[in-house]
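Chains as they are written, first to last, in our numbering: chain A, 637 to 733; chain B, 8 to 622.
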């Protein structure tokens with residue numbers, strides 16, 4: 637069992653009605669992808685519509701996902717394995733000037 | 008018949024107080040589309056080299072494109088072009104709102120203003136009825152007052168005008184339309200003021216006919232659906248353009264702070280779009296035909312800035328009067344924004360001018376009597392906006408931008424001034440995203456953030472059908488950045504000619520691809536333009552503007568960056584140690600462009616682009 641903390645930034649906090657939440661991942665299912673399935677299951681359709689890229693059925697690539705402050709593209713992407721106590725920050729894509 | 012276009016250019020000669028219609032030439036629009044491309048063609052042919060930008064010989068062009076006034080999403084955009092009084096070279100600024108589409112409804116693809124009126128006037132356009140009306144009573148009025156007075160006469164008429172800053176020929180003066188939308192950059196407001204032209208008011212009732220209505224509607228529907236469901240656009244609606252000001256820009260070292268000394272601001276959260284949504288935001292607002300609504304309508308109800316009501320600050324403005332001046336008071340930024348709108352000042356250049364003066368004061372280059380503002384003094388910032396707009400005291404010097412101000416101050420101030428070719432930097436730090444340095448150094452206007460390569464380098468977005476994948480572009484590396492810069496410049500040259508908002512095109516919304524935009528253009532006009540031709544047209548427009556600048560004496564020596572960007576890294580944050588390695592990028596960029604080592608397009612390149620007849 638792996639317990640991780642997820643921090644929801646900006647619009648995601650609005651959608652999930654919480655700023656952070658703990659998630660328990662079972663053995664063998666400990667990647668970002670697995671966590672992502674849990675998020676969708678907990679927060680429902682509106683959350684799913686916001687975060688899923690219809691082309692890849694994964695989280696939209698413009699979301700920033702940080703594991704203990706490191707962006708997952710510098711790790712193993714969605715296959716990054718999580719450890720007990722990891723803090724995962726999810727930052728939705730922003731507007732830009 | 009030209010589909011998508013109105014087919015006419017309105018020419019107004021203010022010296023003779025006369026106007027006439029010109030037929031829009033098909034051979035020109037096939038090569039330059041409209042908007043920025045059309046304006047480049049006109050200015051290149053009609054404004055001779057070394058013309059004083061504030062003389063009657065300069066021309067001021069309001070140009071729209073074939074998608075403006077159609078149901079294409081985010082298509083109500085206008086380009087205001089002229090030879091810039093700030094930089095002395097190609098000048099151009101963009102604005103959204105409702106005014107741009109109204110120009111098409113009135114039956115025009117462009118309005119070309121020539122000469123100079125003896126007395127203040129405004130131009131009244133009601134379909135085919137064009138009048139040059141006296142504006143002596145409007146002179147001295149601010150933008151909001153002017154707009155209200157003109158709109159009292161005809162409900163629904165759309166107004167673009169200047170404020171006192173444009174009248175005072177401030178070289179950082181903006182043209183504002185629909186009160187809150189600004190064509191701010193490169194001093195177009197001063198050109199309008201030099202012509203004694205206070206406003207252009209337009210009302211139209213005509214419809215735009217597209218070439219293939221069914222196919223066009225299909226593409227529009229597809230694009231609209233993508234724009235509505237794209238997560239980044241939900242953020243734009245919820246938090247405006249400053250939604251990522253803390254989470255991405257400041258945390259990523261890309262938020263210009265303390266006059267570009269740093270890229271992180273410890274109080275970024277206090278001036279972010281999220282904080283605005285929780286405090287002074289009353290509702291988002293949209294331009295004509297826009298499903299995104301990034302615009303902010305704000306109201307400050309209490310405190311020293313109570314009474315601010317209307318269009319609120321967007322990202323560039325917030326950073327310019329906020330982090331750049333080390334100011335974390337959001338309400339004061341809303342006030343500075345309102346003052347800039349009313350006075351008709353570019354918020355980016357004005358914020359830059361104040362931050363530059365703060366640093367000069369800190370270093371003892373100017374006296375306490377001249378300017379005595381310390382970092383973060385929000386009341387002082389607001390006060391200095393007024394002085395710049397009205398040219399009071401030292402505000403008179405700052406009103407002409409940082410390059411001229413630094414030359415007057417002397418004592419090494421020239422080396423501190425942050426600008427490219429005289430244009431102050433926007434709020435994206437090239438040390439956090441190296442291609443942006445090359446964009447600033449080579450853009451025809453100087454330091455301009457369109458195209459913003461940060462979409463790829465910072466935001467991980469792509470232009471997938473052109474093979475631009477953010478995975479290939481490390482933001483701190485210069486690898487492939489010349490190629491990225493060229494493609495983005497060519498792409499945006501077409502977007503600015505159609506005209507579409509950068510949020511409704513890839514990479515701004517990267518669920519869209521260039522093929523969608525090429526399909527909008529093709530079905531609207533009937534011109535069969537594929538992605539490759541699309542880029543070729545962009546390259547032609549970009550090179551034409553380069554030729555305009557070369558005629559004014561621009562070459563490699565001017566394609567530079569401020570010392571702060573190429574020599575001085577941030578002292579903290581994720582970009583520590585980073586500076587922009589411009590020279591190697593420039594070398595490769597010129598080769599990719601088919602330009603000589605001096606930055607001059609070769610004959611072969613000009614022949615390839617059908618531009619060789621121009622030299």
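Yeah, the Cβ is synthetic: ideal placement off N, Cα and C, and Gly gets one too.
Should residue i go down as buried or exposed, given a rule of 16 or more other Cβ atoms within 10 Å for buried?
i	result
residue 537(B)	exposed
residue 450(B)	buried
residue 693(A)	exposed
residue 8(B)	exposed
residue 386(B)	exposed
residue 622(B)	exposed
residue 639(A)	exposed
residue 345(B)	buried
residue 691(A)	exposed
residue 617(B)	exposed
residue 637(A)	exposed
residue 677(A)	exposed
residue 185(B)	buried
residue 224(B)	exposed
Taking DSSP as the reference, what is the three-state secondary structure of residue i?
i	result
residue 347(B)	helix
residue 114(B)	coil
residue 714(A)	helix
residue 667(A)	strand
residue 291(B)	strand
residue 219(B)	coil
residue 700(A)	strand
residue 438(B)	helix
residue 553(B)	helix
residue 48(B)	helix
residue 398(B)	coil
residue 454(B)	coil
residue 102(B)	strand
residue 431(B)	strand
On the DSSP bridge list, what partners appear for residue i?
i	result
residue 539(B)	None, per the DSSP bridge assignment.
residue 9(B)	DSSP, once it has assigned bridges, lists no residue as partnering residue 9(B).
residue 168(B)	183(B) and 206(B)
residue 97(B)	90(B)
residue 695(A)	688(A)
residue 18(B)	27(B) and 119(B)
residue 304(B)	290(B) and 318(B)
residue 146(B)	DSSP, once it has assigned bridges, lists no residue as partnering residue 146(B).
Span of the beta strand (DSSP E) holding residue i?
i	result
residue 89(B)	85–90
residue 29(B)	25–30
residue 65(B)	Premise fails: residue 65(B) is in no beta strand (DSSP E) and is neither H nor E.
residue 263(B)	Careful: residue 263(B) lies outside any beta strand (DSSP E) and carries neither H nor E.
residue 641(A)	638–644
residue 137(B)	136–141
residue 610(B)	Segment 610–615 is the alpha helix (DSSP H) holding residue 610(B); no beta strand (DSSP E) there.
residue 178(B)	No beta strand (DSSP E) contains residue 178(B), which DSSP labels as neither H nor E.
Can you tell me where the alpha helix (DSSP H) holding residue i begins and where it ends?
i	result
residue 129(B)	Careful: residue 129(B) lies outside any alpha helix (DSSP H), inside the beta strand (DSSP E) at 128–133.
residue 153(B)	150–160
residue 658(A)	Unbroken run through residue 658(A) is the beta strand (DSSP E), 656–661; no alpha helix (DSSP H).
residue 363(B)	354–369
residue 521(B)	521–532
residue 411(B)	408–416
residue 244(B)	238–246
residue 33(B)	33–39
residue 197(B)	195–201
residue 404(B)	402–405
residue 463(B)	461–464
residue 511(B)	It is not in any alpha helix (DSSP H) - residue 511(B) carries neither H nor E in the DSSP assignment.
Which residues in the same chain have their Cβ closer than 8 Å to the Cβ of residue i, if we skip the five residues on either side of it in sequence?
i	result
residue 696(A)	687, 688, 689 and 729
residue 1(B)	In the structure as shown, chain B starts at 8 and stops at 622, and residue 1(B) therefore has no counterpart that could be examined.
residue 415(B)	404
residue 674(A)	659 and 661
Which same chain residues end up closer than 6 Å to residue i when comparing Cβ atoms and leaving out the 5 residues on each side of it in sequence?
i	result
residue 535(B)	529
residue 715(A)	667
residue 281(B)	246
residue 555(B)	51 and 97
I'd like the list of long-range same chain contacts for residue i, defined as Cβ closer than 7 Å, with 5 residues on each side in sequence excluded.
i	result
residue 298(B)	80, 231, 234 and 235
residue 561(B)	96
residue 684(A)	676
Of all Cβ atoms in chain C, is any one closer than 9 Å to the Cβ of residue i?
i	result
residue 431(B)	Judged by its chain identifiers, the structure shown contains no chain C, and its protein chains are A and B.
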